[in-house]
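S.K.: What follows is a structure written as structure tokens; I'll ask about it next.
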Amino acid sequence: MTGDSEANRQDLFQPVGESVQEIDQQGQQPNVVVPTNTGAADAEGHPVQEIESLCMNCHEDGITRLLLTSIPYFKEVVLMSFECPHCGFKNSEIQPAAQIMEKGSRYTLKIEEKSDFNRQVVKSETATCKFQELDIEIPARRGQLTTVEGLLSEMLEDLQSDQPARKAIDENLYNQIDNFISKVKSYLNCEPGTLPLTFTLDDPAGNSWIEYQPGEPAHKWSQAQYVRSGEQNVQVGLLSPDQLEQQRREEQEKLADRERNPSEAQKPTFISDETEIENFNNEVQTFRSTCSSCGQPCDTHMKPVNIPHFKEVIIMSTVCEHCGFKSNEVKTGGAIPSQGRRISLVCDDPEDLSRDILKSETCSMTVPELSLDIQQGTLGGRFTTLEGLLKQVYDELRTRVFTQTSDSMDEETKARWENFFATLENGLNGKMKFTVIMEDPLAGSYIQNVYAPDADPNMTIEDYDRTPEQNEDLGLNDMITD
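With full-length UniProt numbering applied, the sequence shown has no gaps in its numbers, which climb one by one up to 482 at the end.
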């Protein structure tokens, strides 16, 4: 019996190479299910494909339909829907077709009227949703293409479906959940005293999104990017738990080495092609770091640059030879100032567009006449000209938002976008006067003063005290300086 069992086991678990060879010799085709086109397509001509797949409810064969398409104001995604003709089970899901982003993203929307509940939401499988005033959080699970109202309605359906069972088991819990359901419905119905409602969408993979309306005030919609933690890299699949644990052990070993040899820790270990007699500030320094995309060791190049009449900044460039990831950043040097800084520049001459500008990651930028509002974290750190920064905003909105979605817009929305782009073009061409307002709580941003060392009549620089909330967001309250 033992020999027969072993022989049967070998028949069942043949090596892949032997199985392929047998199929090739016998002239057989492997039993592979291939997606077929249904003939349907979206507005851009992307075909809808379907494939036979197993129903996890009744274990019969159902149909999964796939559509690779683009989401307005976002990127390419894969829409999937499953339907079983035997038991009637249905399911839908969305997955990003793009790669995991360099940084995580966090969107915040202030829901102030009924129409805000109709805003589209792309929620990837790694994203969490939080409604602050309701004190609820929807955990990361399957990806969805829905609306703000759709998220809340689905949550209510899940809670209501189990209410009869709860009433029979624990009537007190039933009453608490019933009160909560009534509270959420009052917000959905926009009853007096309910709005505004703060909605936050946090995705460490950077593949989620909340619909944006051009020209709306800064407090209503905002987006910020952040560097993922080790646990978040594990969550999105860039690292395994074992790799994260190994990285932490290596960091602890390096820390222990620095504590044992403090004199060695003070010596920078740079790899440079420059000769020793050249000045440090004229060299491009290269040191080993960890890729924020794949977690593998990579090279980071660093060059300090002194901006006249401002301060020293550090230009950093990272290239990963393992995954091809590239990143460019500009960081300000020196100590953290005690006050933030607000810079206002009146641009009434086309020559003002050629001024150098440094926008740090913590800086927000507003141009009221152009209906332009750039939040903290958007575009990252940039050292360019005013024209270059405005051109980058124009190109990204035109190519990534308007061009891909204009066919699906209503006439009113399309007119608002066209008016926004026309106004921005007039500003870029020097045909209108506008004011640039840059506010940086770390005072690490700069606009070139073409009259230096004299004062610029068109520029106003104001230092202000940071609020306790700003210090908390920047991590300054927990910083130990002794």
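Ideal Cβ positions, reconstructed from N, Cα and C, are used throughout, including at glycine.
Could you give the DSSP three-state label for GLN290: helix, strand or coil?
M.R.: In the sequence shown, residue 290 corresponds to position 290, counting from 1. A small fix is needed here, since residue 290 is Thr in this sequence, not Gln. THR290: strand per DSSP, three-state reduction.
S.K.: Keeping to the same chain, check which residues put their C-beta closer than 6 Å to that of GLN266; ignore five residues upstream and five downstream.
M.R.: What you label residue 266 is simply residue 266 of the sequence shown in a count that begins at 1. Legend: pLDDT at GLN266 = 48, less than 50; position of this residue unreliable, value from coordinates given subsequently. Taken in chain order, the list of residues that qualify is empty.
S.K.: Does DSSP put PHE325 in a helix, in a strand, or in coil?
M.R.: For this step, residue 325 is matched to residue 325 along the sequence shown. Correct three-state label for PHE325: coil.
S.K.: Look at the Cβ atom of PRO350, then the Cβ atom of GLY430, and state whether they are nearer than 9 Å.
M.R.: Locating residue 350 in the sequence shown gives position 350, counting from the first residue. Locating residue 430 in the sequence shown gives position 430, counting from the first residue. Contact flag set, yes.
S.K.: Does the count of Cβ pairs from the segment 110-118 and the segment 143-152 closer than 8 Å reach three?
M.R.: Between the segment 110-118 and the segment 143-152 there are three or more inter-stretch CB-CB distances shorter than 8 Å, so the stretches are counted as touching.
S.K.: Between the Cα of PRO214 and those of LEU188, PHE287, ALA140 and LEU370, spot the shortest distance and give me the residue it belongs to.
M.R.: Taking the sequence shown and counting its residues from 1, one reaches residue 214 at position 214. Check the Cα spacing between PRO214 and each of LEU188, PHE287, ALA140 and LEU370: the tightest is with LEU370.
S.K.: Relative to the alpha-carbon of ALA422, which residue among LYS391, ARG466 and SER240 has its alpha-carbon at the smallest distance?
M.R.: Within the sequence shown, numbered from 1, the residue matching residue 422 stands at position 422. Cα-wise, what sits closest to ALA422 is LYS391.
S.K.: Is ALA205 helix, strand or coil when you go by DSSP?
M.R.: Within the sequence shown, numbered from 1, the residue matching residue 205 stands at position 205. ALA205 falls in the coil class under three-state DSSP.
S.K.: Which residues does DSSP list as the beta-bridge partners of THR385?
M.R.: Along the sequence shown, read from residue 1 onward, the residue named residue 385 stands at position 385. Answer is ASP356.
S.K.: How about SER92 and SER81: do their beta carbons lie closer than 9 Å?
M.R.: Position 92 of the sequence shown, counted from the start, is the residue given in the question as residue 92. Position 81 of the sequence shown, counted from the start, is the residue given in the question as residue 81. A contact, by the Cβ cut-off of 9 Å.
S.K.: Could you check how far apart the C-beta atoms of ILE447 and THR366 are, in whole angstroms? I think they sit under 8 Å.
M.R.: Within the sequence shown, numbered from 1, the residue matching residue 447 stands at position 447. Within the sequence shown, numbered from 1, the residue matching residue 366 stands at position 366. ILE447 to THR366, Cβ: 13 Å. No contact.
S.K.: Would a check of beta-carbon distances place THR435 closer than 9 Å to chain C?
M.R.: No chain C appears in this structure, which consists of one protein chain only.
S.K.: Using alpha carbons as the reference points, say which of GLU191, GLU50, GLU462 and GLU102 lies closest to ASP203.
M.R.: By one-based count along the sequence shown, residue 203 stands at place 203. Considering only alpha carbons, the answer is GLU102.
S.K.: Candidates HIS322, GLN375, PHE383 and LEU345: which alpha carbon is nearest THR332's?
M.R.: Working through the sequence shown from its first residue, we reach residue 332 at position 332. Checked all of HIS322, GLN375, PHE383 and LEU345; the closest Cα to THR332 is PHE383.
S.K.: Does the segment 155-165 touch the segment 237-251, meaning 3 or more C-beta pairs lie closer than 8 Å?
M.R.: no
S.K.: Taking C-alpha atoms, which residue in GLU283, ASP299 and VAL284 lies nearest to THR290?
M.R.: The residue labelled residue 290 in the question sits at position 290 within the sequence shown. Here the closest residue by C-alpha is ASP299.
S.K.: Tell me which same chain residues have a C-beta within less than 6 Å of the C-beta of GLU439, skipping the five on either side of it?
M.R.: The count along the sequence shown starts at 1 and reaches residue 439 at position 439. Once the five neighbours on either side are set aside, the close Cβ partners of GLU439 are ARG342 and SER364.
S.K.: What are the residues that DSSP puts in a beta bridge with GLU83?
M.R.: Within the sequence shown, residue 83 is the residue found at index 83, counting from 1. Beta-bridge pairing links GLU83 to ILE63 and LYS90.
S.K.: Quick check: the segment 129-146 against the segment 191-203, are at least 3 beta-carbon pairs closer than 8 Å?
M.R.: yes
S.K.: Between which two residues does the alpha helix (DSSP H) holding GLU107 run?
M.R.: For this step, residue 107 is matched to residue 107 along the sequence shown. According to the sequence shown, residue 107 is Tyr rather than Glu. From DSSP, TYR107 is part of no alpha helix (DSSP H) but of the beta strand (DSSP E) over 104-111.
S.K.: Give me the Cβ distance between VAL184 and LEU152, rounded to the nearest whole Å; I'm assuming they're in contact under 8 Å.
M.R.: Position 184 of the sequence shown, counting from 1, holds the residue named residue 184. Position 152 of the sequence shown, counting from 1, holds the residue named residue 152. 6 Å between Cβ atoms; contact.
S.K.: Just mark ARG142 as buried or exposed, buried being the case when its beta carbon has 16 or more other beta carbons within 10 Å.
M.R.: Sequence index remark: in the sequence shown, residue 142 carries index 142 (1-based). Answer is exposed; the Cβ neighbour count stays below 16.
S.K.: DSSP state of LEU424, grouped into three classes?
M.R.: Looking up residue 424 in the sequence shown gives position 424. Note: LEU424 maps to helix in three-state DSSP.
S.K.: If you reduce the DSSP assignment to three classes, tell me which class PRO47 lands in.
M.R.: Position 47 of the sequence shown, counted from the start, is the residue given in the question as residue 47. Here PRO47 sits in strand by DSSP.
S.K.: Do LEU68 and GLY62 have their beta-carbon atoms positioned less than 9 Å apart in this structure?
M.R.: The count along the sequence shown starts at 1 and reaches residue 62 at position 62. The count along the sequence shown starts at 1 and reaches residue 68 at position 68. No; because the gap between Cβ atoms is not below 9 Å, this pair is not in contact.
S.K.: Verify whether the separation of the beta carbon atoms of GLU387 and LEU442 is less than 9 Å.
M.R.: The residue labelled residue 387 in the question sits at position 387 within the sequence shown. The residue labelled residue 442 in the question sits at position 442 within the sequence shown. The Cβ atoms of GLU387 and LEU442 lie no closer than 9 Å to each other.
S.K.: So THR126 and SER222 are supposed to be a Cβ contact under 8 Å. How far apart are they, rounded?
M.R.: If you number the sequence shown from 1, residue 126 lands on position 126. If you number the sequence shown from 1, residue 222 lands on position 222. That pair is no contact at about 20 Å.
S.K.: Is GLY230 near GLN252, with beta carbons less than 9 Å apart?
M.R.: If you number the sequence shown from 1, residue 230 lands on position 230. If you number the sequence shown from 1, residue 252 lands on position 252. No, the pair does not count as a contact, with Cβ atoms beyond the cut-off.
S.K.: How is ARG341 classed by DSSP in three states: helix, strand or coil?
M.R.: Your numbering for residue 341 matches position 341 in the sequence shown. Strand.
S.K.: DSSP three-state label for ASP373, please.
M.R.: On the sequence shown, residue 373 is found 373 positions in, with the first residue counted as 1. ASP373 falls in the strand class under three-state DSSP.
S.K.: Measure the C-alpha to C-alpha separation of THR399 and GLN296 and round it to an integer number of angstroms.
M.R.: The sequence position of residue 399 within the sequence shown is 399, counting from 1. The sequence position of residue 296 within the sequence shown is 296, counting from 1. Here the alpha carbon of THR399 sits roughly 32 Å from the alpha carbon of GLN296.
S.K.: To test your reading of the DSSP string, which unbroken beta strand (DSSP E) runs of 3 or more residues are found completely within the segment 181-269?
M.R.: As summarised for the segment 181-269, the continuous beta strand (DSSP E) elements at least 3 residues long and confined to that stretch are 197-203 and 221-226, given in chain order.
S.K.: GLN176: buried (16+ other C-beta within 10 angstroms of its C-beta) or exposed?
M.R.: What you label residue 176 is simply residue 176 of the sequence shown in a count that begins at 1. So GLN176 ends up on the exposed side.
S.K.: Report the three-state DSSP secondary structure of ASP178 (helix, strand or coil).
M.R.: Taking the first residue of the sequence shown as 1, we reach residue 178 at position 178. Correct three-state label for ASP178: helix.
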